[in-house]
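Written below as structure tokens is the structure these notes are about.
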Amino acid sequence: MALSTLKPGRSLDSWEEFETFLKELETVNFYPLRFKDKKTIVSYNKVLKGPALDEKWKFKHATVICKHSGKPTSRSKDHTRPNQFQFSCECPFHFKIVFNTLDEKFLIPKTGNLNESEAGFVDAAVKMDVLPGKIASELKLKYNKYVTSKDIENRRQLVQETTERIKAGLQFFSKDNNVQKTEIIITDKDCAEVGAAKEIFVNAKHMLCHFHAFLAVDIRLRKANFELNHRKEIYDSFHRAVYAKSLEELEIEEDYLVALEDDELGAYFDNNWFNIKEMWAMVYRTALITLGNKTTNQIERNLKLKNL
């Protein structure tokens with residue numbers, strides 16, 4: 001049994017089946033394992049607000065680690081006796097098993113494997129301060145992707161930390177520049193960058209860079225592995241949506257793109273682009289003073305010149 005059997009999304013019907021799987025994993029790979037933590041069903045039911053889970057499932061979740069996990073320590077007082085060191089050598093191997101109450105199966109979660117649509121959904125919900133448990137539930141219903149509340153919280157902290165770093169740089173910029181007069185800002189679609197810019201340029205209208213928008217759509221279409229003609233047809237439709245001269249023209253392209261069923265592209269366009277069309281569609285920019293700027297390329301070129 002190779003370690004590849006630990007693929008995310010694998011399911012097991014009972015805790016006993018998982019214990020058998022774990023024993024085989026240790027025996028075949030000569031890999032000693034232990035539990036770092038386990039939460040029993042009995043303990044979980046004590047804090048559960050809804051109907052109690054059947055105790056036959058035994059555990060709600062558990063984390064499995066290598067027996068050599070952790071920092072090496074010595075039992076000798078002066079650390080001079082090498083044979084007194086424990087087996088720990090900071091082995092990073094670990095995985096989690098979780099009982100899914102909807103399917104009544106134990107799963108190895110697909111954590112850290114969010115595609116662009118799923119990641120966009122999570123980041124948007126995180127920015128609206130939706131509770132991690134609620135986000136995880138909606139992600140399961142909407143995309144059939146299981147993640148834990150802790151995974152959502154970790155992603156929230158990552159977005160928040162990145163936002164704070166960008167915000168610190170913009171605050172330094174604002175000390176010598178009157179950001180209150182800024183009317184338009186253009187960024188790419190990075191959530192941290194968007195969040196930081198909105199906090200500093202409070203009076204500005206926020207636009208998305210067309211170059212990065214087209215690049216993101218092109219990358220997504222290439223992942224779908226369509227024939228060139230079909231990919232070009234979809235890309236051209238999005239291009240027409242961006243430069244539509246009326247709301248009616250924009251609506252025609254929107255109806256086409258959100259109805260795409262292949263490779264969940266309809267959901268991708270609906271959840272990632274047409275929910276924020278005011279930020280990229282030219283029809284919403286006609287009354288704005290953009291001085292012809294549609295991308296961040298000019299700023300990036302100036303930065304390169306300064307670096308030279």
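For the sequence shown, the positions run 1 to 308 when our numbering is used.
Glycine residues also receive a C-beta, built at the ideal position from the N, C-alpha and C atoms.
Small disclaimer: the values here were computed from a predicted structure and weren't measured.
Open item on the list: I'd like the list of long-range same chain contacts for A168, defined as Cβ closer than 7 Å, with 5 residues on each side in sequence excluded.
Closed with: Once the five neighbours on either side are set aside, A168 has no close Cβ partner at all.
Task: According to DSSP, residues forming a beta bridge with R34 - done: The secondary-structure analysis by DSSP pairs R34 across a beta bridge with I65.
TODO: Pull up the DSSP beta-bridge partners for F21, would you.
DONE: Paired residue(s): none; F21 is not in a bridge.
TODO: Output the boundary residues of the beta strand (DSSP E) element that contains L309.
DONE: Residue 309 cannot be examined here, being either before or after the span of the chain that is shown, 1 to 308.
- [ ] Identify every residue that forms a DSSP beta bridge with F100.
- [x] For the sequence presented, residue 100 should be read as Asn rather than Phe. Partner(s): K105.
TODO: Quick one: give me the first and last residue of the beta strand (DSSP E) that K223 is part of.
DONE: Element bounds for K223: not the beta strand (DSSP E) but the alpha helix (DSSP H), H210 to K223.
Open item on the list: Per DSSP, what are the beta-bridge partners of F269 in this structure?
Closed with: Looking at the DSSP assignment, F269 forms no beta bridge with any residue, so it has no partner.
Open item on the list: Checking the sheet assignment: what are the DSSP bridge partners for K39?
Closed with: Beta-bridge pairing links K39 to H61.
- [ ] Over the uninterrupted alpha helix (DSSP H) stretch that includes I276, give me the two end residues.
- [x] Looking at the DSSP string, I276 is not in any alpha helix (DSSP H), and its letter there is neither H nor E.
Task: Same chain only: Cβ atoms within 7 Å of S237, ignoring 5 sequence neighbours per side - done: Its chain contains E253, Y256 and L257 as the residues whose beta carbon lies nearer than 7 Å to that of S237, once the 5 sequence neighbours on both sides are disregarded; these appear in chain order.
Open item on the list: One question on the structure: do T296 and I186 come within less than 7 Å of each other, judged by their Cβ atoms?
Closed with: Contact: yes.
- [ ] Let me know the secondary structure DSSP gives F201 once reduced to three states.
- [x] Here F201 sits in coil by DSSP.
Task: N- and C-terminal bounds of the alpha helix (DSSP H) containing I186 - done: Membership of I186 in any alpha helix (DSSP H) is not indicated; the residue belongs instead to the beta strand (DSSP E) covering I184 to T187.
- [ ] Report buried or exposed for E233, applying the criterion of at least 16 other Cβ atoms within 10 angstroms of its Cβ.
- [x] Its Cβ having fewer than 16 others within 10 Å, E233 is exposed.
Task: K304 - DSSP class collapsed to helix/strand/coil - done: Any reading at K304 must be qualified, since the residue scores a pLDDT of 46, below 50, and its modelled position is unreliable; no value is offered.
Task: Contacting residues, own chain, Cβ-Cβ under 7 Å from L12 (five flanking each side not counted) - done: So the list reads F18, F21, K105 and F106, once near-sequence residues are dropped.
Task: P92 burial status per 10 Å Cβ neighbour count (16 or more: buried) - done: Burial call: exposed.
Open item on the list: Going by beta-carbon coordinates alone, are V146 and P109 separated by less than 7 Å?
Closed with: Looking at the sequence itself, residue 146 is Tyr, so the reference to Val does not match. Yes, they are a contact pair.
Open item on the list: Can you check which of these residues, R165, A197, V126 and F95, is closest to F35 by C-alpha distance?
Closed with: Of R165, A197, V126 and F95, the residue nearest in Cα terms is F95.
Open item on the list: Between the alpha carbons of D218 and E90, how many angstroms are there, rounded?
Closed with: The straight-line gap separating the alpha-carbon atoms of D218 and E90 is approximately 41 Å.
TODO: Check whether the region 192-212 touches the region 221-228, taking contact to mean three or more Cβ pairs, one atom from each stretch, closer than 8 Å.
DONE: Output reads no: the region 221-228 does not touch the region 192-212.
Task: Beta-carbon gap between N154 and Q180 smaller than 7 Å - done: No, the pair does not count as a contact, with Cβ atoms beyond the cut-off.
Open item on the list: Taking the alpha carbon of N45 as the reference point, which residue from K38, D54 and L215 has its own alpha carbon closest?
Closed with: Here the closest residue by C-alpha is D54.
- [ ] Please report how far the alpha carbon of V28 lies from the alpha carbon of C66, in whole angstroms.
- [x] Here the alpha carbon of V28 sits roughly 15 Å from the alpha carbon of C66.
TODO: Look up L12 in the DSSP assignment and give the residues it is bridged to.
DONE: Note: L12 sits in a beta bridge opposite F106.
TODO: Classify M1 as helix, strand or coil using the three-state DSSP reduction.
DONE: Only weak support is given to the placement of M1: the predicted model assigns it a pLDDT of 47, under 50, and the value that follows is read from those uncertain coordinates. Looking at M1 - three-state DSSP - the assignment turns out to be coil, as it is neither helix nor strand.
TODO: For F95, write down the residues that DSSP places opposite it in a beta bridge.
DONE: The partner list for F95 (beta bridge, DSSP) reads V64.
TODO: Quick one: measure Cβ to Cβ for D40 and K56, integer angstroms, because I've assumed they're closer than 8 Å.
DONE: The question names Asp, but residue 40 is Thr in the sequence shown. That belief does not hold up - the Cβ atoms of T40 and K56 are roughly 12 Å apart, past 8 Å.
- [ ] Report all residues from its chain with a CB closer than 6 Å to the CB of L250; omit the five preceding and five following residues, and keep chain order.
- [x] A241, A244, A281 and V283, listed in sequence order.
Open item on the list: Assuming contact is defined by CB atoms lying nearer than 7 Å, are I135 and A124 in contact in what I supplied?
Closed with: Result no, Cβ atoms of I135 and A124 do not sit closer than 7 Å.
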